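Engineer: Residue numbering for the sequence shown follows numbering that gives the first Met the number 0, beginning at 0 and increasing consecutively. Where is the CB? At the ideal position from N, CA and C, for every residue including glycine. This one's a predicted model, so the numbers in the text were calculated from it and none came from an experiment.
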Amino acid sequence: MTRHTSIADTLLARAQEAPPVVAKELEAAAKKLESYSHAPGDRKAAARITPVLTPTVVDALGEAFIALRRAELEGTDPIWDNEFKQADYAFAALLLASEDPALAAAAAPHLDALVELVPRLHSDHIEHLNYLASADTEQDGRIKAAAAAVIEAQPATLAEQWAEALGLALPREYWTLTLILKLVEPDKEDFTTPRIDAALLADIKNYPGDSTDWNIRIGLVSRNTLGGSRAPASDRGIPLGSYHREDRKGEAIVEGALEPAQTPFDFPRILADLRAAHPELNYDLGKLSVSGGPGRLGSAARKKRLREWLAGDWTPEA
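1. Can you give me the C-alpha to C-alpha distance between A29 and D99, rounded to a whole angstrom?
2. Would L10 and A59 qualify as a contact pair, given that the criterion is a beta-carbon distance under 8 Å?
3. Starting from the N-terminal side, write out each stretch of the alpha helix (DSSP H) that is 4 residues or longer and does not extend beyond the segment 61-108.
4. Go ahead and pull the three-state DSSP assignment for R295.
5. Give a yes or no on contact between the segment 128-143 and the segment 36-51, applying the rule of three or more CB pairs nearer than 8 Å.
6. With DSSP as the reference, label D202 as helix, strand or coil.
7. What's the C-alpha gap between P278 and L200?
8. Sort out for me which residues DSSP pairs V253 with in a bridge.
9. What are the boundary residues of the beta strand (DSSP E) that G227 is part of?
10. Can you list, in chain order, the residues of its chain whose CB lies under 7 Å from that of K303, leaving out five sequence neighbours each side?
11. Closer than 7 Å by C-beta to A17: which residues in its own chain qualify, once you throw out the five before and the five after it? Chain order, please.
12. How close, in whole Å, do the beta carbons of D212 and R194 come, if the pair is a contact with beta carbons under 8 Å?
13. Contact check, F123 vs Y35 under 8 Å by CB: the rounded distance?
14. How many Å lie between I217 and D312 at the Cα?
15. Would you call D283 buried or exposed, if buried means 16 or more other Cβ atoms sit within 10 Å of its Cβ?
16. Who are the near neighbours of T318 in its chain, counting only those whose CB is closer than 7 Å to its CB and skipping five residues on each side?
17. Please list, in chain order, all residues of the same chain as A146 whose beta carbon is under 7 Å from its beta carbon, the five residues on each side excluded.
18. Short of 6 Å in beta carbon distance, which residues of its chain neighbour A112, apart from the five on each side in sequence? Order them along the chain.
19. Between V57 and A92, is the Cβ-Cβ spacing less than 8 Å?
20. Could you check the C-alpha separation between T1 and A96 for me, to the nearest Å?
21. Just mark R274 as buried or exposed, buried being the case when its beta carbon has 16 or more other beta carbons within 10 Å.
22. Let me know if I203 comes out buried or exposed under the rule of 16 or more other beta-carbons within 10 Å of its beta-carbon.
23. So, is I142 buried or exposed, given that buried needs 16 or more other C-beta atoms within 10 angstroms?
24. Are the CB atoms of K31 and I48 nearer to each other than 8 Å?
25. Would the beta-carbon of P259 fall within 8 Å of that of G226?
26. Taking the alpha helix (DSSP H) that T9 falls in, what are its first and last residues?
27. For S210, which beta-bridge partners are listed by DSSP?
28. Taking the C-alpha atoms as reference points, what is the distance between D265 and R222?
29. Quick check: the segment 152-166 against the segment 286-299, are at least 3 beta-carbon pairs closer than 8 Å?
30. Please give the ranges of any alpha helix (DSSP H) in the segment 149-175, keeping only runs that are unbroken, at least 4 residues long and fully inside the region.
31. Counting along the chain, where does the alpha helix (DSSP H) carrying R42 start and finish?
32. Which two residues bound the contiguous alpha helix (DSSP H) that contains N129?
33. Hey, could you find the ends of the alpha helix (DSSP H) A276 is sitting in?
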C-alpha cells in the first residue's frame with residue numbers, strides 16, 4: 000500500500016529534470032531502492048545501498064526522506080510497506096554518507112533537519128532511527144542522543160518494568176528475549192520414561208516508548224498458549240490456559256488448565272502450578288536457555304538471575 004510519493008519515485012521525478020549523467024545516477028539509486036524486499040535489518044544490511052551513493056543522490060535521498068517524514072507528521076496517513084522500507088534505506092544512506100568525506104557535506108543538512116524532527120516522531124519510528132544509528136560516529140551519536148531523550152521521557156513499557164525489576168540491565172531500546180525451559184532428558188538407555196513435549200517458553204519483545212509483546216507457551220511443537228499480550232481466547236479449539244501434551248506414541252498424556260498468565264511476571268507462577276499439577280514433570284532449571292537480540296542478551300549473569308526468579312529463590316517487586 001502506498002499513500003505518499005515514494006522516495007524512489009521522487010528520485011525518478013528529479014532525474015527527468017537533471018542532466019543525463021546526473022539522471023543516470025538518480026535512476027540507478029531509485030532502482031536500487033525498489034529492489035529491496037525488506038527494510039534493512041542492521042547497519043551491515045543497509046550498507047548495500049553504498050555503491051549508488053553520490054553527492055547528488057545523497058542530497059536527493061535526504062530531501063525525499065525529510066519530506067516524507069514531514070508529510071507523515073502533518074497528515075493523517077502513516078508510512079506503510081514500500082515507503083517504510085525505502086525510508087529506512089534513505090536514512091541509512093545519510094548516515095553512511097556522513098562517514099565519507101566526499102559525501103558528508105551532502106548529508107549534513109538533512110541529518111540536521113532530522114534531529115529537529117525526532118521529538119515529533121512516533122516512538123516506533125524513533126526506535127528504527129536508534130537501531131540503524133549504531134556506529135560510533137558523531138552523526139550517529141547525535142541521532143541516538145535525540146532518540147534517547149524522547150524515549151526517556153516516555154513511561155516505561157511492561158517489558159522494561161519487568162527487566163528492571165529483575166535487574167537484567169537491558170537498555171531502553173528495542174530488544175527481544177526468549178526463555179526456553181525444558182524437561183530433564185531421560186538417559187538414552189531409558190526406554191520407560193515418557194518423553195513428553197512440555198517445555199515452557201516465554202517471548203518478550205520491548206518496543207520502547209510504545210508497547211510490549213509477550214507470550215508464555217507450553218510445548219516446542221503444536222504449542223499451547225498459557226498467556227500473552229495478543230493471546231486469543233481459544234487456539235485450535237483449546238482455551239487459553241489449557242494444555243494437552245503427549246509423548247510420540249500418544250500414550251503418556253499431560254493435560255489440564257491453569258489460570259492464564261496476565262503479565263511476564265507470572266512465568267514463575269505458571270511453572271509452579273504445572274509442577275504442582277504434574278509432579279512427574281522435572282524441569283531442568285540448570286539448562287534454562289536465554290537468547291535475544293540485538294546483540295548477545297543471554298549473558299551468564301542474566302541467566303543466573305532468571306533461574307533464581309523461576310526457582311522462587313528471589314522475587315522482584317512487580
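Structural biologist: Straight from the coordinates:
1. Translated into the one-based positions of the sequence shown, residue 29 becomes position 30. Translated into the one-based positions of the sequence shown, residue 99 becomes position 100. If you draw a straight line from the Cα of A29 to the Cα of D99, it comes to about 21 Å.
2. The sequence position of residue 10 within the sequence shown is 11, counting from 1. The sequence position of residue 59 within the sequence shown is 60, counting from 1. The Cβ-Cβ distance between L10 and A59 falls below 8 Å.
3. Within the segment 61-108, the complete alpha helix (DSSP H) segments at least 4 residues long are 80-97, listed from N- to C-terminus.
4. Taking the first residue of the sequence shown as 1, we reach residue 295 at position 296. In this structure, DSSP gives R295 a state outside helix and strand, which the three-state scheme calls coil.
5. Yes: at least three Cβ pairs fall under 8 Å.
6. Counting from 1 along the sequence shown, the entry for residue 202 is found at position 203. Residue state, collapsed to three classes: strand.
7. Here residue 278 is taken as the residue at index 279 of the sequence shown, counted from 1. Here residue 200 is taken as the residue at index 201 of the sequence shown, counted from 1. So the two alpha carbons sit approximately 19 Å from each other.
8. Numbered from its first residue, the sequence shown carries residue 253 at position 254. Partner(s): R244.
9. Working through the sequence shown from its first residue, we reach residue 227 at position 228. Taken as a continuous stretch (DSSP letters only), the beta strand (DSSP E) holding G227 covers 223-227.
10. Position 304 of the sequence shown, counted from the first residue, corresponds to residue 303. Cβ neighbours of K303 within its own chain (closer than 7 Å, five residues either side excluded): none.
11. Looking up residue 17 in the sequence shown gives position 18. Cβ neighbours of A17 beyond the five flanking positions: L25.
12. Here the question's residue 212 lines up with position 213 in the sequence shown. Here the question's residue 194 lines up with position 195 in the sequence shown. Actually they are not in contact, since the Cβ atoms of D212 and R194 sit about 31 Å apart, beyond 8 Å.
13. In the sequence shown, counting from the first residue as 1, residue 123 sits at position 124. In the sequence shown, counting from the first residue as 1, residue 35 sits at position 36. Correcting the residue type first, residue 123 is Asp in the shown sequence and not Phe. No, D123 and Y35 are not in contact; Cβ-Cβ is about 19 Å, not under 8 Å.
14. Residue numbering aside, residue 217 sits at position 218 when the sequence shown is read from its first letter. Residue numbering aside, residue 312 sits at position 313 when the sequence shown is read from its first letter. Spanning the two alpha carbons is a distance of roughly 22 Å.
15. If you number the sequence shown from 1, residue 283 lands on position 284. With fewer than 16 Cβ atoms within 10 Å of its Cβ, D283 is classed as exposed.
16. Nothing in the structure corresponds to residue 318, since the chain is present only between 0 and 317.
17. Reading the sequence shown from its first residue, position 147 is the one you call residue 146. Here the set comprises V117, I125, L128, N129.
18. Within the sequence shown, the letter at position 113 stands for residue 112. I65, listed in sequence order.
19. Residue mapping note: residue 57 aligns to position 58 of the sequence shown, counting from 1. Residue mapping note: residue 92 aligns to position 93 of the sequence shown, counting from 1. A contact, by the Cβ cut-off of 8 Å.
20. Indexing the sequence shown from 1 puts residue 1 at position 2. Indexing the sequence shown from 1 puts residue 96 at position 97. Confidence at T1 is low in this model, with a pLDDT of 49, below 50, so the placement of that residue should be treated as unreliable; the coordinate-derived value is given next. Whole-angstrom Cα-Cα distance: 27 Å.
21. Along the sequence shown, read from residue 1 onward, the residue named residue 274 stands at position 275. By the 10 Å Cβ count, R274 comes out exposed.
22. Taking the sequence shown and counting its residues from 1, one reaches residue 203 at position 204. Around the beta carbon of I203, 16 or more other beta carbons sit within 10 angstroms, so the residue counts as buried.
23. Numbered from 1 along the sequence shown, position 143 holds the residue referred to as residue 142. Burial call: buried.
24. Indexing the sequence shown from 1 puts residue 31 at position 32. Indexing the sequence shown from 1 puts residue 48 at position 49. Yes, Cβ-Cβ distance for K31 and I48 is below 8 Å.
25. Here residue 259 corresponds to residue number 260 of the sequence shown, with the count starting at 1. Here residue 226 corresponds to residue number 227 of the sequence shown, with the count starting at 1. Yes, these two residues count as a Cβ contact at 8 Å.
26. On the sequence shown, position 10 is the one that residue 9 refers to. Unbroken alpha helix (DSSP H) run through T9: 6-15.
27. Locating residue 210 in the sequence shown gives position 211, counting from the first residue. The partner list for S210 (beta bridge, DSSP) reads Y206.
28. For the purposes of this step, residue 265 is identified with residue 266 of the sequence shown, where counting begins at 1. For the purposes of this step, residue 222 is identified with residue 223 of the sequence shown, where counting begins at 1. D265 and R222: Cα-Cα distance of roughly 18 Å.
29. Because the criterion of three Cβ pairs below 8 Å is not met, the segment 286-299 and the segment 152-166 do not touch.
30. Entirely contained in the segment 149-175, the alpha helix (DSSP H) runs reaching 4 residues are, in chain order, 157-165.
31. For the purposes of this step, residue 42 is taken as residue 43 along the sequence shown, with counting starting at 1. Unbroken alpha helix (DSSP H) run through R42: 42-45.
32. Reading the sequence shown from its first residue, position 130 is the one you call residue 129. N129: member of the alpha helix (DSSP H) spanning 122-131, first to last residue.
33. Sequence index remark: in the sequence shown, residue 276 carries index 277 (1-based). In this chain, the alpha helix (DSSP H) harbouring A276 covers 266-276.
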